[in-house]
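Those protein sequence lines, which keep their order, are chains A and B. For the first sequence, the positions run 189 to 818 when the working numbering is used. For the second sequence, the positions run 340 to 640 when the working numbering is used. Built from N, CA and C at the ideal position, the CB exists for glycine as well. Beneath this line is the structure, given in structure tokens, with notes to follow.
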Amino acid sequence: MAVSIEQLIEQVSESELLRFVTAGSVDDGKSTLIGRLLHDAKAIYEDHLASLDRDSRKAGREYIDFALLTDGLKAEREQGITIDVAYRHFATPRRRFIIADTPGHEQYTRNMATGASTADLALILVDARNGVTTQSRRHAFIASLLGIPRIVVAVNKMDLVGWSQNAFEAIRHEFGQFCTKLRIADLEFIPISALKGDNVVHRSENMPWYQGPPLLSYLETVHIASDQNLIDFRFPVQYVLRPSSDFRGYAGTIASGVVRLGEEVVVLPSRRLTTITRIQKGFEEVDYAFAPQSVTLCVADDLDISRGDMIAHPANVPWIARDIEAMLIWLHEEPMRLDRYYLVKHTTSVVRGRFTDVMYRIDPDTLHRQEAKALALNEMGRVCMHLFRPIMCDEYARNRSTGAFIVIDPITNFTVGCGMIIDRSHPYTGSTAAQRVALHQEQITVEDRSLVLGQKPVTIWMTGLSGSGKSTIAYAVEKRLLADGRACFVLDGDKVRQGLNKDLGFSPSDRSENIRRVAEVARLMNEAGLVVLVSLISPFRKDRENARSIIGGDRFLEIFVHAPIETCEERDPKGLYAKARQGLIPEFTGVSSPYEEPDQPDLKLDTTQLSVDACVEAIIGLLREKRILE
Amino acid sequence: MEKLHLSHLEALEAESIHIIREVAAEFERPVMLYSVGKDSSVMVRLAQKAFYPGKIPFPLLHVDTGMKFPEMYEFRDRFCREIGADLRIYRHDEAIAQGVNPWDMGTVKCCAILKTQALLNALQEGGYDAALGGARRDEEKSRAKERVYSFRDSYGQWDPKNQRPELWNLYNGRIKKGECIRVFPLSNWTELDVWLYIYREQIPVVPMYFAKERPMVVRDGRLIPVYEGMRLQPGEEPQTVMCRFRTLGCYPCTGAVVSSARSVAEIVQEMITVKHSERVTRLIDHDQDSSMEQKKREGYF
Chain A
189 MAVSIEQLIE QVSESELLRF VTAGSVDDGK STLIGRLLHD AKAIYEDHLA SLDRDSRKAG
249 REYIDFALLT DGLKAEREQG ITIDVAYRHF ATPRRRFIIA DTPGHEQYTR NMATGASTAD
309 LALILVDARN GVTTQSRRHA FIASLLGIPR IVVAVNKMDL VGWSQNAFEA IRHEFGQFCT
369 KLRIADLEFI PISALKGDNV VHRSENMPWY QGPPLLSYLE TVHIASDQNL IDFRFPVQYV
429 LRPSSDFRGY AGTIASGVVR LGEEVVVLPS RRLTTITRIQ KGFEEVDYAF APQSVTLCVA
489 DDLDISRGDM IAHPANVPWI ARDIEAMLIW LHEEPMRLDR YYLVKHTTSV VRGRFTDVMY
549 RIDPDTLHRQ EAKALALNEM GRVCMHLFRP IMCDEYARNR STGAFIVIDP ITNFTVGCGM
609 IIDRSHPYTG STAAQRVALH QEQITVEDRS LVLGQKPVTI WMTGLSGSGK STIAYAVEKR
669 LLADGRACFV LDGDKVRQGL NKDLGFSPSD RSENIRRVAE VARLMNEAGL VVLVSLISPF
729 RKDRENARSI IGGDRFLEIF VHAPIETCEE RDPKGLYAKA RQGLIPEFTG VSSPYEEPDQ
789 PDLKLDTTQL SVDACVEAII GLLREKRILE
Chain B
340 MEKLHLSHLE ALEAESIHII REVAAEFERP VMLYSVGKDS SVMVRLAQKA FYPGKIPFPL
400 LHVDTGMKFP EMYEFRDRFC REIGADLRIY RHDEAIAQGV NPWDMGTVKC CAILKTQALL
460 NALQEGGYDA ALGGARRDEE KSRAKERVYS FRDSYGQWDP KNQRPELWNL YNGRIKKGEC
520 IRVFPLSNWT ELDVWLYIYR EQIPVVPMYF AKERPMVVRD GRLIPVYEGM RLQPGEEPQT
580 VMCRFRTLGC YPCTGAVVSS ARSVAEIVQE MITVKHSERV TRLIDHDQDS SMEQKKREGY
640 F
């Protein structure tokens, strides 16, 4: 049946847009692949092909070098490398594609991040001869950091490994292992030869063992429609339209969610409620609008709304935060500084802010966390920022629009960093929790707090002789939990006896009272949602049982930190044993007062056998096992 | 069922409107460069939509070389009058009076003076801190590397090796006095997208885009229109050719393509099967190796 021009146009106009980023090391053949993709998909004009042919010969190639097609800048063509992100376009009857072609060199992490920020998919090239390299891992990590939900690994140059299935499977296995540590919803592997064209557009006859689709078929059919967050309505006000006295509208791009005529909305940060009275999309009025449409909203009430404000549904609001935590990529030669302020552009607002802490730097090759004072060019890490004005934001993993920000140097005006907001340090996690807090402020339960903090409160009660290592371990666990974004606190004997319990001595009855008070404080802290680490000798069984009943059995973990008295005495970090032996301290546990070992502690740590780190690991393991940490 | 999903054309439209509004919100004196061509027509339409029911809150600027086709001037004046646009025209009259032209001094020099220099003069005279342009990344290799917000120093120069990273839709428009941002809201559009949108929105364009029998000469394999006062080269014989223009520039430097597409729909159909890039008809892109990049570094769009 003949298709009319109108139908054809309709079909082409309605096709879906897929944006993908390509990454690969210098010699993985990325440019060749893109050239091949464009060529075989018939997306290269004849005059471009002719000039490519000329350029290829000029560069001394005997074949058409597709790399010359994509390496646009003169400097790049001369050096034979790609130095900046280039955007390519092509279309098939099914889809329209935008490729962000990013350079693979280590020093150009920033370009990969740039290309990845708007991508639906990442295409990572691996040379079949070299296997998974440091750079492949780095690219996968950046892709996951920027929230790209799917990665396609094109294992290239299969022709040079004799089309070997084993070589392909080995790479698939190794890469797959690495990616289990990342947040990637969908991971696909395709064996190709960009130079020969196998499995790029056309199915390879050399690799009958591969059953999956060629690259282009995959790109044409992979499901992306559900990537858009259509749940949490967020409308950052971009521009106020007031052409006449009878029209006032708020123009902007819907960051996420759907808005309907007549709906009640809340304006943030003022928290004023109003109703949507008109939705203008270009020249037409519509009944509803959704992300990522650019529209203009009118509301019923005459409110003071300006650029940088946000409109949302009252039952589903973002955080309003001055202190944020984020994964950050530093993009500038001059390293980050903690002693000066920067500008943060987030949705439509620009605020001043300061880095208050670099919690760690992450090594993208091993994913190990390293201590760092600041981030330098192309380094990534977790940071805390304090903003001079609050922003309305969400977790990046949930919302790529309201969870992202860039950092601008106020002096040079250069874009020096980009951040992806994480939720751990926040009083809320995501909209469900925020919604509950917003609506039920009169009756907040421990469960509510638990939900918003993303952790179950618990008291980890560490008992043992003086010098057995309780406090050392408690503080090490606290550090570790805080680094993980958990809210926790150490109550140790010395600390409470300096203030809260300074009226108490060391008689059995005073010891009981000491423990009772600490248990009550721990309980309050648990109710506030905190994980509490108690470090107390607490020598008597009945006192510990009393503490358990105060705190509640389901929130009480008893950990016996064990070292023989001889060892403790030898360690004697505070010189107490020596004094006790001289009779200067009465009723000293282990010397002049007994220690009753727990019968069935949740964990027994022998500190003569285990390092501090091993003890920390054991406790974290216990918390995981008890499902206190996910 | 409610549709909650955008086609590629709708997604491009939303993105472009976002960019145009961002410029209006963040800059003190923005201007939209209006070149009379199809991309400008689309860009102006997007701006109208962005601020409707209000008017476009910045002027349009036409950098005129004095060598555009008569149909273009006619179209420009009518179009801008009809939509109520605030049109500013800048012409480097001093250079034109000195006789700058492509025949005597070559296209490279002529462009550098009548387009690049004229543009820089116009931006400086108007005190504009942002200039929206209709350039697209699919047009040419070095444009593929262009940012949506392209920073230009106080001499209007582009430094491709030191571009600001551009992430998400968070554009960095911060500049110092005298510096300027060139903004390209159509960055992600292709020539086909432009025509599809013109079709969908019924946007008026200069009639030269439609096929008609026109007097032409063939020069270096290109179809060059014959016009009054043109200098014919030895052996050139004007002939009537059914053709249309894919891009519109200055008359000495703009070629046509053989085509029978008389309507937007037919142009779209032609586009879907076309074999050559649009800029093949622009003599100025081919005048030296990496010529577009060179021009852009100096301040050209």
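Burial state of Gly517 of chain B (16 or more Cβ within 10 Å): Residue 517 of chain B sits at position 178 when you count from the first residue of the second sequence. Exposed, by the Cβ-count rule.
Min CB distance Ser493 of chain B to chain A below 9 Å: Numbered from 1 along the second sequence, position 154 holds the residue referred to as residue 493 of chain B. No - not a single Cβ of chain A is within 9 Å of the one on Ser493 of chain B.
Proximity test, Cβ basis, 9 Å: Val557 of chain B and chain A: What you label residue 557 of chain B is simply residue 218 of the second sequence in a count that begins at 1. No, Val557 of chain B lies away from the interface with chain A (no Cβ there is under 9 Å from its Cβ).
Between the CA atoms of Pro506 of chain A and Ala626 of chain A - distance to the nearest angstrom: Residue numbering aside, residue 626 of chain A sits at position 438 when the first sequence is read from its first letter. Residue numbering aside, residue 506 of chain A sits at position 318 when the first sequence is read from its first letter. Model confidence at Ala626 of chain A stands at a pLDDT of 43, short of 50, so the residue's coordinates are unreliable; what they give is reported in the following sentence. The straight-line gap from Cα to Cα measures roughly 11 Å.
Nonlocal neighbours in the same chain, by C-beta distance under 6 Å from Ser723 of chain A, ignoring five residues either side: Numbered from its first residue, the first sequence carries residue 723 of chain A at position 535. So the list reads Met650, Lys658, Ser659, Ala662, Asp680, once near-sequence residues are dropped.
Proximity test, Cβ basis, 9 Å: Asp272 of chain A and chain B: Stepping through the first sequence from its first residue, residue 272 of chain A is reached at position 84. It does: the Cβ of Asp272 of chain A has a partner Cβ on chain B nearer than 9 Å.
Beta-carbon contacts of Lys792 of chain A that lie in its chain and below 7 Å, excluding the five residues immediately before and after: Within the first sequence, numbered from 1, the residue matching residue 792 of chain A stands at position 604. Result list for Lys792 of chain A: Phe748, His750, in chain order.
Local conformation of Glu202 of chain A per DSSP, three classes: Reading the first sequence from its first residue, position 14 is the one you call residue 202 of chain A. Secondary structure at Glu202 of chain A: helix, using DSSP grouped into helix, strand and coil.
Min CB distance Val571 of chain A to chain B below 9 Å: Position 383 of the first sequence, counted from the start, is the residue given in the question as residue 571 of chain A. Not one chain B Cβ lies under 9 Å of Val571 of chain A.
Neighbour-count burial assignment, Cys212 of chain A, 16 or more Cβ in a 10 Å radius: Against the first sequence, residue 212 of chain A aligns to sequence position 24. Note that residue 212 of chain A corresponds to Gly in the displayed sequence, not to Cys. So Gly212 of chain A ends up on the buried side.
For Arg577 of chain A, the three-state DSSP class (helix, strand or coil): Along the first sequence, one-based indexing puts residue 577 of chain A at 389. Reduced to three states, the DSSP call for Arg577 of chain A is strand.
Test: Asp532 of chain B CB closer than 9 Å to a CB of chain A: In the second sequence, the residue the question calls residue 532 of chain B occupies position 193. Answer yes: the Cβ-Cβ gap between Asp532 of chain B and chain A drops below 9 Å somewhere.
Residue interval of the alpha helix (DSSP H) (run including Asn344 of chain A): Numbered from its first residue, the first sequence carries residue 344 of chain A at position 156. Asn344 of chain A -> not in any alpha helix (DSSP H); beta strand (DSSP E) instead, spanning 338 to 344.
Pro524 of chain B: contacting residues in chain A (beta-carbon distance under 7 Å): Indexing the second sequence from 1 puts residue 524 of chain B at position 185. Those within 7 Å of Pro524 of chain B in chain A number zero; the least Cβ separation is about 11 Å.
Separation of Glu583 of chain A from Gly618 of chain A, as counted between CA atoms: Taking the first residue of the first sequence as 1, we reach residue 618 of chain A at position 430. Taking the first residue of the first sequence as 1, we reach residue 583 of chain A at position 395. In this prediction, Gly618 of chain A has a pLDDT of 38, which is less than 50 and means its spatial position is unreliable; what the coordinates show is noted afterwards. One C-alpha to the other measures close to 7 Å.
Cβ-based neighbour list, Asp228 of chain A, same chain, cut-off 8 Å, excluding 5 preceding and 5 following: In the first sequence, the residue the question calls residue 228 of chain A occupies position 40. Hits under 8 Å: Gly385, Val388, Val389, His390, Leu404.
Which of helix, strand or coil DSSP assigns to Leu793 of chain A: For this step, residue 793 of chain A is matched to residue 605 along the first sequence. If DSSP states are grouped into helix, strand and coil, Leu793 of chain A belongs with the strands.
Any C-beta of chain B under 9 Å from that of Val446 of chain A: Looking up residue 446 of chain A in the first sequence gives position 258. Answer yes: the Cβ-Cβ gap between Val446 of chain A and chain B drops below 9 Å somewhere.
Ser458 of chain A versus A:Pro578, A:Leu563, A:Tyr438, A:Trp351, residue with shortest Cα-Cα distance: Mapped onto the first sequence, residue 458 of chain A falls at position 270. Ser458 of chain A has its Cα closest to that of A:Pro578, out of A:Pro578, A:Leu563, A:Tyr438, A:Trp351.
Endpoints, beta strand (DSSP E) assigned at Met555 of chain B: Within the second sequence, residue 555 of chain B is the residue found at index 216, counting from 1. Element bounds for Met555 of chain B: 551 to 558.
C-alpha gap between Gln502 of chain B and Ser489 of chain B, whole angstroms: Locating residue 502 of chain B in the second sequence gives position 163, where the first residue counts as 1. Locating residue 489 of chain B in the second sequence gives position 150, where the first residue counts as 1. Taking the straight line from one Cα to the other gives about 8 Å.
CB contact check: Ser219 of chain A to chain B, cutoff 9 Å: Numbered from 1 along the first sequence, position 31 holds the residue referred to as residue 219 of chain A. So no, Ser219 of chain A is outside the interface.
C-beta contact flag for Val580 of chain B and Pro554 of chain B at 9 Å: Numbered from its first residue, the second sequence carries residue 580 of chain B at position 241. Numbered from its first residue, the second sequence carries residue 554 of chain B at position 215. Their beta carbons are under 9 Å apart, which means Val580 of chain B touches Pro554 of chain B by this criterion.
Beta bridge counterpart(s) of Ala386 of chain A as assigned by DSSP: The residue you call residue 386 of chain A lines up with position 198 of the first sequence. One detail in the question is off: residue 386 of chain A reads as Asp in this sequence, not Ala. Answer is A:Ser381, A:His390.
Gln629 of chain A to Gln558 of chain A span [Cα, whole Å]: Locating residue 629 of chain A in the first sequence gives position 441, where the first residue counts as 1. Locating residue 558 of chain A in the first sequence gives position 370, where the first residue counts as 1. Low local confidence applies: a pLDDT of 41 at Gln629 of chain A is under 50, so the model's placement there is unreliable, and no value is given.
Residue(s) in a DSSP beta bridge with Val518 of chain A: In the first sequence, the residue the question calls residue 518 of chain A occupies position 330. Checking the sequence shown, residue 518 of chain A turns out to be Trp, not Val. For Trp518 of chain A, which the question treats as bridged, DSSP gives the partners A:Gly605.
Cβ pair count under 8 Å reaching 3, the stretch 533 to 549 of chain B against the stretch 479 to 496 of chain B: no
Proximal residues of chain B, C-beta to C-beta of Phe478 of chain A below 7 Å: Taking the first sequence and counting its residues from 1, the one referred to as residue 478 of chain A is at position 290. Near Phe478 of chain A (Cβ distances below 7 Å), the residues of chain B are Leu343.
Cβ neighbour criterion (16 or more within 10 Å) applied to Met371 of chain B: The residue you call residue 371 of chain B lines up with position 32 of the second sequence. Per the 10 Å Cβ criterion, buried.
Outcome for Lys730 of chain A when other beta-carbon atoms lying within 10 angstroms are tallied against a minimum of 16: Taking the first sequence and counting its residues from 1, the one referred to as residue 730 of chain A is at position 542. With fewer than 16 other Cβ atoms within 10 Å, it is exposed.
Beta carbon proximity, Ala350 of chain B to chain A, threshold 9 Å: Here the question's residue 350 of chain B lines up with position 11 in the second sequence. For Ala350 of chain B, the answer is yes, since a Cβ of chain A falls inside 9 Å of its Cβ.
Span separating the alpha-carbon of Asn417 of chain A from that of Trp507 of chain B: Stepping through the first sequence from its first residue, residue 417 of chain A is reached at position 229. Stepping through the second sequence from its first residue, residue 507 of chain B is reached at position 168. So the alpha carbons of these two residues sit roughly 15 Å apart.
6 Å CB neighbourhood of Val343 of chain A in its chain, flanking five on each side removed: Here the question's residue 343 of chain A lines up with position 155 in the first sequence. Cβ neighbours of Val343 of chain A beyond the five flanking positions: Val314, Ala316, Phe356, Ile359, Pro379.
Residues of its chain near Ile816 of chain A, where Cβ-Cβ distance is below 8 Å and the 5 sequence neighbours each way are ignored: The residue you call residue 816 of chain A lines up with position 628 of the first sequence. Excluding residues within five positions, the ones whose Cβ falls inside 8 Å are Gln643, Lys644, Val646, Val719.
Exposure label - Arg540 of chain A; buried when at least 16 CB within 10 Å: Along the first sequence, read from residue 1 onward, the residue named residue 540 of chain A stands at position 352. Under this definition Arg540 of chain A is an exposed residue.
Contacts of Ser599 of chain B in chain A (Cβ-Cβ under 9 Å): The residue given as residue 599 of chain B occupies position 260 in the second sequence. Correct list: empty, because the minimum Cβ distance to chain A is about 13 Å.
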